[in-house]
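Novice:
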Amino acid sequence: MALIKASSIFFCFLALASFLASIEGTQPTHHVTHLNRSTFPKDFIFGAGSAAYQSEGAAHIDGRGPSIWDVFTREQKEKIADGSNGDVADDFYHRYKNITKKDFTDFADICFKSFGDRVKLWATMNEPNGAAINGYSSGIGAPGRCSSYAGNCTAGNSATEPYIVAHNMLISHASAVKLYRQKYKPYQKGQIGITLVTHWFEPKHNTSSSRLAASRALDFFLGWFAHPITYGDYPESIKSIVANRLPKFTGAEAKLLRGMADVRNDSIPVKVAIKDSLRIRYHHGHISSVLQALKQGANVKAYFVWSYFDDFEWDAGFTGNSSVFNLLVPALAFLFTSAQALTLSRTKKILDHSSGIIADEFYYQYKEDIALLKDIGFDSFRFSISWSRVLPRGRITGGVNQEGVKFYNNLIDQLLSNGIKPLVTLFHWDLPQALDDEYGGFLSPNIVNDYRDYAEFCFREFGDRVKTWITLNEPNYFSSDGYASGFRAPGRCSKYIGNCTAGNSATEPYLVAHHLILAHATAVQLYRHKYQAFQKGSIGITIGSEWMVPKFQTVECIKAASRAMDFIFGWIVHPVTYGEYPKTMRSLVGNRLPKFTEAESKMIKGSFDFIGANYYTASYAEADSSFSTITNPSYTTDMNVTLTRVIDDTNVALKDKLNDSIRISYHHQHLSHVLKAIKGGADVRGYYVWSFLDNFEWELGYTVRFGLVYIDYKNKLQRYMKNSARWFKNFLQKDIDVKIHPSLLYSE
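Residues -25 to -1, 1 to 723 in mature numbering (1 follows the signal peptide of the UniProt record, and there is no 0) are what the sequence shown spells out, letter by letter.
1) Beta carbon of G545, beta carbon of D194: below 7 Å?
2) Tell me which residues share the same chain as residue 809 and place their Cβ nearer than 6 Å to its Cβ, disregarding the 5 neighbours each side in the sequence.
3) Closest by CA to V499, which one among P484, T99, H202 and H174?
4) Between F706 and the rest of its own chain, which residues show a CB-CB distance below 7 Å, the 5 nearest in sequence each way excluded?
5) Give me the DSSP bridge partner(s) of R357.
6) Evaluate D687 with the Cβ neighbour count: other Cβ atoms within 10 Å of its Cβ, from every protein chain shown; 16 or more gives buried, anything less gives exposed.
7) Below 8 Å on the Cβ atoms is my contact criterion, and I expect S455 with I216 to pass it. Report the Cβ-Cβ distance as a whole number of Å.
8) Quick check: the Cα distance between K442 and Y138, rounded to an integer number of angstroms?
9) From this set, S359, Q389, G374 and G373, which residue's C-alpha is nearest A346's C-alpha?
10) At what residue ranges does the segment 113 to 198 contain a whole run of the alpha helix (DSSP H), taking only runs of 4 or more?
11) Measure the C-alpha to C-alpha separation of I579 and T497 and round it to an integer number of angstroms.
12) Would you check if the distance between the CB atom of I547 and the CB atom of W199 is smaller than 7 Å?
13) Look at the alpha carbon of E672 and the alpha carbon of T619, and state the distance between them as a whole number of angstroms.
14) Considering only DSSP beta bridges, list what M100 is partnered with.
15) Might you give, ordered along the chain, the residues of its own chain that have their beta carbon closer than 6 Å to the beta carbon of Q708, omitting 5 neighbours on each side?
16) So, helix, strand or coil for T14, using DSSP?
17) Does the beta-carbon of Q693 have 16 or more other beta-carbons within 10 angstroms, so that it is buried, or is it exposed?
18) How would you write the range of the beta strand (DSSP E) that W522 sits in, first residue to last?
19) Does the beta-carbon distance from Y159 to Y429 come in below 7 Å?
20) What does the alpha-carbon distance come out to for the pair R120 and K470?
21) Taking Cβ to Cβ, would you say N101 is nearer than 7 Å to N448?
22) Return yes when the Cβ of N670 is within less than 7 Å of the Cβ of F284, no when it is not.
23) Of the choices Y641, G91 and Y595, whose alpha-carbon is the least far from that of V664?
24) Is A535 near P210, with beta carbons less than 7 Å apart?
25) Could you give the distance in angstroms between the alpha-carbon of V616 and the alpha-carbon of P608?
26) For the beta strand (DSSP E) that contains V684, what are its first and last residues?
27) Between which two residues does the beta strand (DSSP E) containing Y695 stretch?
28) Could you check if C128 belongs to the surroundings of the ligand HEM, using beta carbon to heavy atom distance under 6 Å?
29) Measuring only the C-alpha atoms, how far is I255 from G226?
30) Note down the Cα distance separating F353 from V564, rounded to an integer number of angstroms.
31) According to the Cβ coordinates, are T446 and I543 closer than 7 Å?
32) Looking only at its chain, what residues have a beta carbon closer than 6 Å to the beta carbon of T400, apart from the 5 residues adjacent to it on each side?
33) According to DSSP, is V365 part of a helix, a strand, or is it coil?
34) Tell me S30's beta-bridge partners as DSSP assigns them.
35) Starting from E436, follow the alpha helix (DSSP H) in both directions and report where the run begins and ends.
36) Could you check which residue in K526, D613 and N424 has the C-alpha nearest to that of R561?
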């Protein structure tokens, strides 16, 4: 991930465009021929990442409680690409030394307290937008809730739950951030933020409708969370379209949310295996771009790889391999990072019918993995805390799992002892199942205080060492994929949207996002008031997004692109920036879009020290009025945009290989552009790659591999460095120039 100022806000998309062009063979790519660590500023950070459910495994070990992804991968196995789960994952829980508003706030407090003395970078949540969407709209993610018309879910409301969940996630994030800032940051000297996922949307046509559609899509993906934590309310487009299905922030919540982020995050997955030449090409190109940007004056501070391991990739399970990157940035700017994340029941929705019960077994092998991180030369490691591992019942009153706290303390200490800075995400989609059972999780405003308490627990426990916090990861995708389409946990959607047993795609995504925003802002407010002064950290949120391009140069397409940006990115970014949803959302969603009270708007506005923007690809956007929002309303159709992907995972994927040359080319070119932006004056702080290990990739199970490190799932989870990892190792040696064969800079 890299850190940049707001003035360079579009930098990441330019770098991505360069990569896409090279893949498609449309344009030759200019790159830096001499590239190594010494060509970047001395304080620039290179890192890799993970997330708890995707990599830890040890699902039933040492008192960990079940999360919504544990239940989702068991009960909706068909929604996971390979039917897998994260019970074992990468076994990072055991191996971590080998690689290098109440419940959530309580959990965060425990984490800050237990690990904050060593963890200086915290992310409250990872891609809460994705969690709200996949878990409560499409139902393809845990907990697999959606309306019957939206997907194959047993319960849910795709029209309301994603918005409720996102709403509560935002408030929980803000609560945890506030806790950290007030209680831990002054002396722990860390930072806290949230990781959001998004796509970039391009108008499919150069028309007003296409441009508005792209903007609207961005609001609904990224603005859903970014807007509340920036401004204290949802984007206008979301408020307008979702209307009364979108929860409203109170005045206090808006105030809490506003500016509740120190960091934000971005990721690009590449499907690869051991001979991951595609990944090498990716990183080589990306780092070359970073270097080029640095030489032009951009202040880039870090580069994080996603992911360090191949891991359990949510609904993709273990079906593929990936790498993503993020840039870490100051307040009101972009943060792109890399990470590793931490599913059991609804495995029908997982491509390979797997789960994260084992995952990478990072829980057991973290020492070995941290040793690998150090050997490669990364400066930082982003991981998420499993809420249910430290608070099995979701609340402090339900008991603290000291074994879980001990694991994260050991992990943080081990990282620091190896000279690796921790960046911590508080919520990366794995909501404790107990809270989902009790009141519907982020569908209920009760989640805000629980999240705040969880966040405060983390600030208190870990904030003396953790200096960067992310409250939520991609809350927009959590809301849309979990409550609108239902293809991610909790798998809720309307019946007319997908195969879900429950849910309302018209209301739930907005409710979830609303509560996510309030949760985020509450955590940020808590951190700022109670911890930030002495812990000296920062707190933010990470939003998922993609750039939208008008499909045609028409007014309709231009408006469609803008609308799509509002619905995807602005859904979160607009509230946390301005305290309200984008106007397009308010107009189109109508009364389905919750409203922030004056106090909530004030709280969420500016609720970040930084914002992370996870981006995967770009899309062409054009207006679409064919789907009836009157008879079958849903978050997925509210933006009235038809999206066409510029490129999908299959274009950048190599299965079962260590030679990922295209990934090397990608990163080399991208870093070249980052460096160019830095030299041009952009304040980019770091580059994180997703992911360090192959892992459980959510609804894709283990069918994709995103890691720099190959995990042999058939041979005791043995680790093998892919060529991209070896390329990074050479690159991170200060005096070794890394080059790439010219043939890798063009379409293969």
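Where a beta carbon is used, it is the ideal one built from N, C-alpha and C, also for glycine.
Specialist: Working from what's here:
1) Going by C-beta atoms, G545 is nearer than 7 Å to D194.
2) With the chain running from -25 to 723 in the structure shown, residue 809 is simply not present.
3) If we check each option's Cα against that of V499, T99 comes out closest.
4) Hits under 7 Å: L10, N11, R12, I262 and V713.
5) Note: R357 sits in a beta bridge opposite G24 and L398.
6) Exposed.
7) Contact flag wrong, Cβ pair sits at about 13 Å.
8) 30 Å
9) Q389
10) 136 to 154, 160 to 163 and 183 to 193
11) Here the alpha carbons of T497 and I579 stand approximately 8 Å from one another.
12) yes
13) 23 Å
14) L447, per the DSSP bridge assignment.
15) If we look at Q708 and ignore the five residues flanking it on each side, it has no Cβ neighbours.
16) helix
17) exposed
18) First-last of the beta strand (DSSP E) with W522: K511 to P525.
19) Not a contact, by the Cβ cut-off of 7 Å.
20) Distance between the alpha carbons of R120 and K470: 10 Å.
21) Contact flag set, yes.
22) yes
23) Y641
24) no
25) 14 Å
26) Start and end: V684 to D687.
27) Q693 to M696
28) Ligands in the displayed structure: none, and consequently the ligand HEM is not present.
29) 48 Å
30) 44 Å
31) no
32) A98, N101, T170, S359, I445 and N448
33) Three-state DSSP puts V365 in a helix.
34) Answer is none; S30 lacks a bridge partner.
35) N421 to F437
36) D613
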